[in-house]
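**Q** Protein chains in written order, with the working numbering: chain G, 1 to 189; chain S, 1001 to 1189.
The beta-carbon is built from N, C-alpha and C at its ideal position, and this holds for glycine as well.
It should be emphasised that the depicted structure is a prediction, and the values quoted were computed from it without experimental measurement.
Number of protein chains: 2
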Amino acid sequence: MHLFWEHGYEATSLAMLREAMGLTPPQIYNAFTDKETLFRKALTRYHETEIGFALEALSAPVPTREAIRRLLLSAAEAYSRPGKPGGCLFVSGALAASPQAQAIADELKAYRKASEAAIAERLAKGSAMGDLPEGPSVEGLAKYIAGVMNGMSIQARDGASAEELRIMAQTALAALPADRQNRGASSKE
Amino acid sequence: MHLFWEHGYEATSLAMLREAMGLTPPQIYNAFTDKETLFRKALTRYHETEIGFALEALSAPVPTREAIRRLLLSAAEAYSRPGKPGGCLFVSGALAASPQAQAIADELKAYRKASEAAIAERLAKGSAMGDLPEGPSVEGLAKYIAGVMNGMSIQARDGASAEELRIMAQTALAALPADRQNRGASSKE
DNA sequence: CAGGTTTCGTATCGATCGATATGGAAGATT
DNA sequence: AATCTTCCATATCGATCGATACGAAACCTG
Chain G
1 MHLFWEHGYE ATSLAMLREA MGLTPPQIYN AFTDKETLFR KALTRYHETE IGFALEALSA
61 PVPTREAIRR LLLSAAEAYS RPGKPGGCLF VSGALAASPQ AQAIADELKA YRKASEAAIA
121 ERLAKGSAMG DLPEGPSVEG LAKYIAGVMN GMSIQARDGA SAEELRIMAQ TALAALPADR
181 QNRGASSKE
Chain S
1001 MHLFWEHGYE ATSLAMLREA MGLTPPQIYN AFTDKETLFR KALTRYHETE IGFALEALSA
1061 PVPTREAIRR LLLSAAEAYS RPGKPGGCLF VSGALAASPQ AQAIADELKA YRKASEAAIA
1121 ERLAKGSAMG DLPEGPSVEG LAKYIAGVMN GMSIQARDGA SAEELRIMAQ TALAALPADR
1181 QNRGASSKE
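1. Let's test the definition: count the other Cβ atoms within 10 Å of the Cβ of G/M1 and tell me whether it reaches 16, buried, or not, exposed.
2. Applying the criterion that 16 or more other CB atoms from any shown protein chain within 10 Å of the CB defines a buried residue, is G/P82 buried or exposed?
3. Quick check: G/S92 and G/R157, are their CB atoms within less than 8 angstroms of each other?
4. So, at 8 angstroms on beta carbons, what are the nonlocal neighbours of S/E1134 in its own chain, with the 5 sequence-adjacent residues on each side left out?
5. How should S/Q1102 be labelled, buried or exposed, when 16 other C-beta atoms within 10 angstroms of its C-beta is the threshold for buried?
6. Please classify G/D34: does DSSP put it in a helix, a strand, or coil?
7. Can you say whether S/N1150 is buried or exposed, counting buried as having 16 or more other CB atoms within 10 angstroms of its CB?
8. If we require 4 or more residues per run, which alpha helix (DSSP H) segments fall completely within the region 1042-1127 of chain S?
9. Is S/M1129 close to chain G, meaning its C-beta is less than 8 angstroms from at least one C-beta of that chain?
10. Does any residue of chain S bring its CB to less than 8 angstroms from the CB of G/D106?
11. How many whole angstroms separate the CB atoms of S/Y1144 and G/A172, which I take to be in contact at a CB cut-off of 8 angstroms?
12. The alpha helix (DSSP H) with G/Y144 in it runs from where to where?
13. Alpha carbon to alpha carbon, how far is G/S153 from G/A185? Give it in angstroms, no decimals.
14. Keeping to the same chain, check which residues put their C-beta closer than 6 angstroms to that of S/W1005; ignore five residues upstream and five downstream.
15. Applying the 10 Å Cβ sphere with the 16-neighbour rule, what's the burial state of S/S1059?
16. For S/L1003 and chain G, any beta-carbon pair shorter than 8 angstroms?
17. Which chain S residues sit within Cβ distance under 8 angstroms of G/K143?
18. Here's a check: name, in chain order, each residue in its chain whose Cβ is nearer than 6 angstroms to the Cβ of S/A1105, leaving out the five neighbours to either side.
19. Considering only residues of the same chain and omitting the five flanking positions on each side of S/S1127, which have a CB-CB separation below 7 angstroms?
20. Measure the CB-CB distance between G/A54 and G/R166 and report whether it falls below 8 angstroms.
21. Just to make sure I have the definition right: I need the residues of chain S whose C-beta is within less than 9 angstroms of the C-beta of G/H7. Which are they?
22. Taking the straight line between their C-alpha atoms, what separation do you get for S/S1115 and G/Y79?
23. Report yes if the C-beta distance between G/P25 and G/R18 is below 8 angstroms; otherwise report no.
24. Considering only the alpha carbon of each residue, which of S/G1140, S/E1107, S/S1074 lies closest to S/E1190?
25. Exposed or buried, which one is S/A1142 when buried takes at least 16 other CB atoms within 10 Å?
26. Looking at chain S, is there any beta carbon in it that lies within less than 8 angstroms of the beta carbon of G/S80?
27. Excluding the five sequence neighbours on either side, which residues of its own chain have a C-beta within less than 7 angstroms of the C-beta of S/L1071, listed in chain order?
28. If you reduce the DSSP assignment to three classes, tell me which class S/Y1009 lands in.
29. Grab me the residues of S/R1183's own chain with a C-beta within less than 6 angstroms of its C-beta, minus the 5 sequence neighbours each way, in chain order.
30. What does the alpha-carbon distance come out to for the pair G/A110 and G/I68?
31. Would G/M168 be called buried (16 or more neighbouring beta carbons within 10 Å of its own) or exposed?
32. Run the CB neighbour count on G/L132, radius 10 Å, all protein chains shown included, and call it buried at 16 or more, exposed below.
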C-alpha cells in the first residue's frame, strides 16, 4: 500500500512489491491474482485504515461548519503523517495514466467523486437544518472543499508540514459562511 | 505536449509520441536527444503558451485581492479549455513517479514551488502597500492559493466544467480578507 | 550519367515490464 | 524406508519500454 501510495499504480513495479513483501512472484500471484487486484486490495485497505477521519468528521454531531473544520484539519494530519507517504493515495495513485491503466484511473476518480459526494451530503443535511445560511450552492461548496483537500494532498506531497497544512485548512475554512446558530461555540479558530 | 499533459511523463510512450508527431524514432532523437529532454521542451513550451495568465494576473496594476481573483478565475478557464487536457501539466505530469523518473518529478515540483513563490511575492508587495490587512501570513496565504489552484487542477481532470471551476475560484476568494482600500471597486463578485 | 556521400526509415537492440512454466525439496502414505 | 504427492523458488516467458545500428533511397559532385 505504501509503495502504491508513494509511486502510484503504474510506477510501482512487481520487483519493488516483491522485495517489500518478501514474497516470490508465484506467492504474489497466488495471493492477489494480478497487479490490478493487488492494487484494488490496497485501495480498500487504505480506505479502511487511513481515511476513517473523513467519515468520523462528517458524521460527528456538531454544526456543519465545525464538521468541515474537523474534516479539513484531520486531513492536514493524515496527509503529513511521519513515516507515511505524503498526500492521499486516491490522488497520487493515478492522476495521469497510460491507456492500459485507464480502468485504474477511473476507479480512483470514482473514489474522489465519492468523497465529494459525502461532503455534499453532509452540507445538504446542514442546509436542511438551517445550519448553512447564504453563499454558494451545496454542490459548489462541496466541490470547493473536496478540491481544497486535493490541493492539500499535493502540497503535502511537495513537502508541506502538518502545521502548514493546518494553516491552509484554517484559511480554506474562512471561505465558509459562519453558522447562524452555535456561532463560535465549538470552534477555536 | 498534449500527450504528456494528458497521460503524464512516464505513461506517455515513444510510440504515442511518434504517431502524434508523425516522426520516426531517429528523427525524434535527432531533434530532442532523448525522452527526458523532449519532456523538458514540452514543459517550457507549456509555460510559455498556456500559463501566461498567471504572470498577467499577478503583474496587473490592480489591488491585491483583485489580482488573486483574476489569477484564480483565469486558472479556471485555463484548466478547462475545450480541446485541451484538463488541469495543469505541472500537476498531472508526474505527481507520483518511479525511482528512475525522480528527476522529472523533482523538476515539476520545482515549477509548482515557483508558482507558489510568485504568488507569495505578489502578496508581499500587497502587504507592504497596506493592501492585505489582517489574517494569515503571506506564506500561509500563498500556500493556500497555490493549493487551491492545484485542487482546481484535479477537479478539472475529474471533469469539472469551467463554470464549476469559476464557482470554486469565487468560493476560495471568500477566504481572503477584503481590501482595506479600493474595496469592491474593481471586483464584481 | 557515374560515383560518392548523406540522409532517413526499418528492423532490432538490451533492459524491464507483468506473469508463468519447471525442476527440486519437503512432507505424507504404504 | 521407499515411493508418491504436494508445494514452492528459480529461471524464463512474450510484450513493450527507450534507444540505436544498418541498409536503401535520394542528392549533390565531377
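**A** Once the coordinates are examined:
1. Within the first sequence, the letter at position 1 stands for residue 1 of chain G. Classification for G/M1: buried.
2. Residue 82 of chain G sits at position 82 when you count from the first residue of the first sequence. Per the 10 Å Cβ criterion, exposed.
3. As a first step, residue 92 of chain G must be located in the first sequence, where it is residue number 92. As a first step, residue 157 of chain G must be located in the first sequence, where it is residue number 157. Closer than 8 angstroms, so yes.
4. Here residue 1134 of chain S refers to the residue found at position 134 of the second sequence. Hits under 8 angstroms: P1177.
5. Taking the first residue of the second sequence as position 1, residue 1102 of chain S is located at position 102. Exposed.
6. Here residue 34 of chain G refers to the residue found at position 34 when the first sequence is read from its first residue. Note: G/D34 maps to coil in three-state DSSP.
7. In the second sequence, counting from the first residue as 1, residue 1150 of chain S sits at position 150. Classification for S/N1150: buried.
8. 1052-1059, 1064-1078, 1089-1092
9. Numbered from its first residue, the second sequence carries residue 1129 of chain S at position 129. Not an interface residue.
10. If you number the first sequence from 1, residue 106 of chain G lands on position 106. G/D106 does not count as touching chain S.
11. The sequence position of residue 1144 of chain S within the second sequence is 144, counting from 1. The sequence position of residue 172 of chain G within the first sequence is 172, counting from 1. Rounded, the Cβ-Cβ distance is 7 angstroms, consistent with contact.
12. Reading the first sequence from its first residue, position 144 is the one you call residue 144 of chain G. Looking at the DSSP string, the run of the alpha helix (DSSP H) that includes G/Y144 is 138-157.
13. What you label residue 185 of chain G is simply residue 185 of the first sequence in a count that begins at 1. What you label residue 153 of chain G is simply residue 153 of the first sequence in a count that begins at 1. Summary for G/A185: the model assigns pLDDT 43, below 50, so the residue's position carries little reliability; its value from the coordinates is reported in the next sentence. If you take the alpha carbons of G/A185 and G/S153, they lie about 29 angstroms apart.
14. As a first step, residue 1005 of chain S must be located in the second sequence, where it is residue number 5. For S/W1005, where only same-chain residues beyond five positions count, the Cβ hits under 6 angstroms are P1085, L1089.
15. Position 59 of the second sequence, counted from the first residue, corresponds to residue 1059 of chain S. Its Cβ having fewer than 16 others within 10 Å, S/S1059 is exposed.
16. Position 3 of the second sequence, counting from 1, holds the residue named residue 1003 of chain S. Not closer than 8 angstroms to any Cβ of chain G, the Cβ of S/L1003 fails to qualify, so no.
17. Translated into the one-based positions of the first sequence, residue 143 of chain G becomes position 143. Per Cβ cutoff of 8 angstroms: Q1155, A1160, E1164, I1167, M1168.
18. For this step, residue 1105 of chain S is matched to residue 105 along the second sequence. If we look at S/A1105 and ignore the five residues flanking it on each side, its Cβ neighbours are A1094, A1097.
19. Counting from 1 along the second sequence, the entry for residue 1127 of chain S is found at position 127. Correct list, in chain order: V1138.
20. In the first sequence, residue 54 of chain G corresponds to position 54, counting from 1. In the first sequence, residue 166 of chain G corresponds to position 166, counting from 1. Not closer than 8 angstroms, so no.
21. Numbered from its first residue, the first sequence carries residue 7 of chain G at position 7. In chain order: A1096, A1097, S1098, P1099.
22. Against the second sequence, residue 1115 of chain S aligns to sequence position 115. Against the first sequence, residue 79 of chain G aligns to sequence position 79. Looking at the two C-alpha atoms, the distance is approximately 21 angstroms.
23. Indexing the first sequence from 1 puts residue 25 of chain G at position 25. Indexing the first sequence from 1 puts residue 18 of chain G at position 18. Yes, the pair counts as a contact, with Cβ atoms nearer than the cut-off.
24. As displayed, chain S neither begins before 1001 nor continues past 1189, which places residue 1190 of chain S out of reach and without an answer.
25. Along the second sequence, one-based indexing puts residue 1142 of chain S at 142. Buried: at least 16 other Cβ atoms inside 10 Å.
26. Here residue 80 of chain G refers to the residue found at position 80 when the first sequence is read from its first residue. No, G/S80 lies away from the interface with chain S (no Cβ there is under 8 angstroms from its Cβ).
27. As a working note, residue 1071 of chain S is residue 71 in the second sequence. Around S/L1071: A1054, A1057, L1058.
28. What you label residue 1009 of chain S is simply residue 9 of the second sequence in a count that begins at 1. In the structure shown, S/Y1009 sits in coil (DSSP, three-state: anything other than H, G, I, E or B).
29. Here residue 1183 of chain S is taken as the residue at index 183 of the second sequence, counted from 1. Because the pLDDT at S/R1183 is just 44, under 50, the model does not fix this residue reliably, and the point stays unresolved.
30. Position 110 of the first sequence, counted from the first residue, corresponds to residue 110 of chain G. Position 68 of the first sequence, counted from the first residue, corresponds to residue 68 of chain G. Cα to Cα, G/A110 sits roughly 21 angstroms from G/I68.
31. Here residue 168 of chain G corresponds to residue number 168 of the first sequence, with the count starting at 1. It counts as buried.
32. The count along the first sequence starts at 1 and reaches residue 132 of chain G at position 132. Looking at its Cβ environment, which holds 16 or more other Cβ atoms inside 10 Å, G/L132 is buried.
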